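If you count the sequence shown from 1, position 63 lands on 63 in full-length UniProt numbering, and the numbers rise without skipping.
No residue lacks a Cβ here, since even glycine has one placed at the ideal position from N, Cα and C.
Keep in mind the model is a prediction, meaning the values are calculated, not measured.
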Amino acid sequence: MVLGGYGWSTVLSSQRFDESRSWSVSVDKEDKYKYLARIQMVHIDDVTNAHIFLLEHLDADGRYLCSAIDITIDKMCETLSSRCPEYPIATSDALKEIECFTPSYLSSKKLLDTGFKFKYDLEEVYDETIRCCEEKGFL
């Protein structure tokens, strides 16, 4: 999932999908919880920086995964609730009964082994995404 601020007035459909996945932990979206058992996230600026970093390293070869954050739905709800208490976010109790899919784990080890460093942590990713979504009228 790619998150963060967007500098243009319209959002590409794939980015809108990523934002909608992130916000599907709101209390009226219980049918979406099963897809969010564990997800990987990255800030859009980290994706851009990773592309530039790899283009500048002539020895970079093959495919690279760019995923800075691995998070469970419980942690996502906890973080979102603390970051934006004005929005209805699912509680841990509401999540206990959900049978979730278990996705594969994505590793950025190959990218990190080249020396790349992610700039944004979970809180920064959510803060900027929330600010941007509010500015654009998505929230």
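Opening and closing residue of the alpha helix (DSSP H) in which residue i lies
i: residue 131; result: 122 to 136
i: residue 119; result: Element bounds for residue 119: n/a, residue is neither H nor E.
i: residue 111; result: 109 to 113
Per-residue DSSP class, three states only, for residue i
i: residue 72; result: strand
i: residue 83; result: helix
i: residue 139; result: coil
i: residue 43; result: strand
Cβ pair residue i, residue j closer than 7 Å
i: residue 46; j: residue 120; result: yes
i: residue 139; j: residue 133; result: yes
i: residue 82; j: residue 89; result: no
i: residue 67; j: residue 95; result: no
i: residue 65; j: residue 108; result: yes
i: residue 114; j: residue 57; result: yes
Status (buried if at least 16 other CB within 10 Å, exposed otherwise) for residue i
i: residue 27; result: In this prediction, residue 27 has a pLDDT of 46, which is less than 50 and means its spatial position is unreliable; what the coordinates show is noted afterwards. The residue in question, residue 27, is exposed, as its Cβ has fewer than 16 Cβ neighbours within 10 Å.
i: residue 23; result: Note on residue 23: pLDDT 44, under 50, position unreliable in the model; the coordinate value appears next. Residue 23 is buried by the Cβ-count criterion.
i: residue 159; result: It is not possible to answer for residue 159, since the shown part of the chain is limited to 1 through 139.
i: residue 48; result: exposed
i: residue 43; result: buried
i: residue 130; result: buried
Among the options, nearest to residue i - alpha-carbon criterion
i: residue 39; options: 63, 115, 122 and 84; result: 122
i: residue 76; options: 58, 62, 137 and 127; result: 127
i: residue 62; options: 110, 136 and 135; result: 110
i: residue 93; options: 137, 86, 87 and 78; result: 78
Residue-chain proximity (residue i, chain D), Cβ-Cβ < 7 Å
i: residue 70; result: Annotation note: the requested chain D is absent from the structure, which comprises a single protein chain.
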